[in-house]
Amino acid sequence: HASNTEPCANVAINFTDDSTGTYDSWFWTFGDGSNSTAQNPSHAYASAGTYTVSLTISNGCGDDTETKIEYIAVQPSPIANFSADQTSGCAPLTVVFTDLSTGNPTSWNWTFGDGGTSTDRNPSHQYANAGTYNVTLTVSNACGSDDETKTGYITAENCTPVTPAGGGGGCPSLKYLTVDWEGNNTTKPLYANNCLAVNLTGPSPDSSDSLFLARGTHAPVVDARTYYLIVVRALEEIPALPVNTMAIVVFNITPADAVFDRDILLTLGLNQTQLPANASNVTMAYYDDVNGVWVPLEYEAGGPNGVAELTLSAPINHFSIYGVLAELAPTPTPPAHFIPGGLSIVPSVEKTTFVTKTGESVTITANIANDGGQSGTYTVELKLNGETIDTKTVTLAAGQSQQVSFTRSGLDYGQYEVNVAGLSGTFTTSRTITWWLIIVIIAAIGLIIWGVVWGRRRRRKAHQAAE
9 HASNTEPCAN VAINFTDDST GTYDSWFWTF GDGSNSTAQN PSHAYASAGT YTVSLTISNG
69 CGDDTETKIE YIAVQPSPIA NFSADQTSGC APLTVVFTDL STGNPTSWNW TFGDGGTSTD
129 RNPSHQYANA GTYNVTLTVS NACGSDDETK TGYITAENCT PVTPAGGGGG CPSLKYLTVD
189 WEGNNTTKPL YANNCLAVNL TGPSPDSSDS LFLARGTHAP VVDARTYYLI VVRALEEIPA
249 LPVNTMAIVV FNITPADAVF DRDILLTLGL NQTQLPANAS NVTMAYYDDV NGVWVPLEYE
309 AGGPNGVAEL TLSAPINHFS IYGVLAELAP TPTPPAHFIP GGLSIVPSVE KTTFVTKTGE
369 SVTITANIAN DGGQSGTYTV ELKLNGETID TKTVTLAAGQ SQQVSFTRSG LDYGQYEVNV
429 AGLSGTFTTS RTITWWLIIV IIAAIGLIIW GVVWGRRRRR KAHQAAE
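In the numbering used here, the protein residues as written are 9 to 475.
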């Protein structure tokens, strides 16, 4: 057994041989590549994890092995890390901190840089005064402690408006810049010079897209007029796209013709379900309405942001139509595909006065059409009563059709099942004698003979009576 089955890394534990009997050798394996031949060894694990321990004992009469699966669970030392829901804003600024530490810490000590502290795991803290603050998190557990300090991590801004010189004693008005993304409004204050007092991130309603303007960015100006509202809307009528290109998402950002003195950051997100199967490349681009072309942007691709499987971010310095475009691989031409139809079975009919012969020869036709994208060759097979009688080969271009005809003669009397290229039908070969006509003729001849005989007898009797 082990003196401690849940030790910290690099802390030695003692293993004791509890075997019964008398033995003269021991072999331990500790699961981390180490072993020992001592009867009761001591061992320290360098890394956190679970380990299987095995002991093999032996003497002159044999050996035996005992294995304990995942017997030792070495506990990690904590590693401190954290994040904040916002790192800048107007004072008083409330920030929610999130512990991202690893190693299963059991205690947390925060210092927020303004004299405030907390022992909560995920505390909320308000910065009452403007300034830039360092934040430190110290985490610990039974195996040790670690701290993380982020310098200048939080900036609380003094957003009080500045009264212009010679204001005449009037009350200053506080101005704001708003990003309206499909009705989702984000508003941040401006200094008196119409520059942002804090960072502004304007997200889309589902947070898959965003427009970021850093603190100090001037509100958009067009023809010497300052605009305090940025509007982002999905574009329904998309300008003409390059060949083999598809628009995945497209937005129009106004005020039109606005140009910025510094880059702002546009991020567009999408899910894999929005991409066609033959998409070969995905890019960000803006539409140059002067030249009527889409201009590629230098962008960076990011991972999931919680609502998008792929995010593309590009710095921009003017407003226009922006979108994510997918280049499409050429669709392969489908192969030839043949469709039979229009089966026709025409047996011959030969008539004499007394006999009608049907089907001693038969003409069988079918139409073969190629509705595929390439030319191809197709073998048409004729079967009578399941036996292949004849075949013909046709070569058809895409969209072409051709009639194929078979003629068979000298067929025995009987019924035949026809199969041509999967199409089926029947016909019968027969001989019909017109017995009724023969009987009528015989009867007519009999009547004629009787009439002749009767006439002769009558004349004979008349002649005898005259004598």
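Beta carbons: idealized from backbone N, C-alpha and C, even for Gly.
Query                                                                                                                                     : Result
Contacting residues, own chain, Cβ-Cβ under 7 angstroms from Gly57 (five flanking each side not counted)                                  : Val82
3-residue-minimum beta strand (DSSP E) runs that sit fully inside the segment 132-159, ordered along the chain                            : 132-135, 139-149
Element boundaries [beta strand (DSSP E), containing Trp304]                                                                              : At residue 304 the sequence reads Pro, which differs from the Trp that was named. Its beta strand (DSSP E) spans residues 301-304.
Chain C within 9 angstroms of Gly277, Cβ atoms only                                                                                       : Given the protein chain composition of this structure (a single chain), no chain C is represented.
Candidates Gly380, Ser218, Lys391: closest to Thr403 by CA position                                                                       : Gly380
Reduced DSSP secondary structure (H/G/I, E/B, other) of Leu3                                                                              : The question about residue 3 has no answer, for the chain in this structure spans 9 to 475.
Check: Thr281 C-beta below 8 angstroms from any heavy atom of the ligand NAP                                                              : As for the ligand NAP, it is missing from this structure, which has no ligand bound.
The segment 317-336 in contact with the segment 291-302 per 3-pair CB rule at 8 angstroms                                                 : yes
The segment 424-431 in contact with the segment 386-398 per 3-pair CB rule at 8 angstroms                                                 : yes
Close-in-space but distant-in-sequence residues of the same chain around Ala150 (CB under 8 angstroms, 5 per side omitted)                : Cys16, Gln83, Thr114
His326 (DSSP reduced to helix, strand or coil)                                                                                            : strand
Buried versus exposed call for Lys196 [16 or more other C-beta atoms within 10 Å across all chains shown]                                 : buried
Touch test, the segment 20-37 against the segment 45-53, Cβ-Cβ under 8 angstroms, three pairs minimum                                     : yes
Host beta strand (DSSP E) of Ser33 (start-end)                                                                                            : 33-37
Between the CA atoms of Arg439 and Ala451 - distance to the nearest angstrom                                                              : 24 angstroms
Cα-Cα separation, Val61 to Ile80                                                                                                          : 8 angstroms
First and last residue of the uninterrupted beta strand (DSSP E) at Gln423                                                                : 422-428
Terminal residues of the beta strand (DSSP E) in which Asn520 lies                                                                        : Missing from the structure shown is residue 520; the chain here goes from 9 to 475 and no further.
Burial state of Arg416 (16 or more Cβ within 10 Å)                                                                                        : buried
Spatially closest choice to Tyr235 from Asn201, Val257, Thr253, Thr127, by CA coordinates                                                 : Asn201
Terminal residues of the beta strand (DSSP E) in which Cys98 lies                                                                         : 96-98
Through-space distance from Thr401 to Leu243, alpha-carbon basis                                                                          : 54 angstroms
Identity of the residue in Asn166, Pro338, Thr209 nearest Thr225 by Cα                                                                    : Thr209
Close-in-space but distant-in-sequence residues of the same chain around Asp40 (CB under 7 angstroms, 5 per side omitted)                 : Tyr53, Tyr59
Leu276 beta carbon less than 9 angstroms from that of Val257                                                                              : yes
Opposing strand residues paired with Leu274 [DSSP bridges]                                                                                : Leu219, Ala322
Residue interval of the beta strand (DSSP E) (run including Gly57)                                                                        : 57-67
Stretch-stretch touch, CB-based, cutoff 8 angstroms, three pairs: the segment 97-117 with the segment 146-163                             : yes
As assigned by DSSP and simplified to three states, the class of Arg439                                                                   : strand
Contacts around Val332, its chain only, beta-carbon distance under 7 angstroms, and the 5 residues preceding and following it disregarded : Ile256, Val257, Leu276, Leu278, Val290, Met292, Leu320
N-terminal and C-terminal residue of the beta strand (DSSP E) that Phe414 is part of                                                      : 409-417
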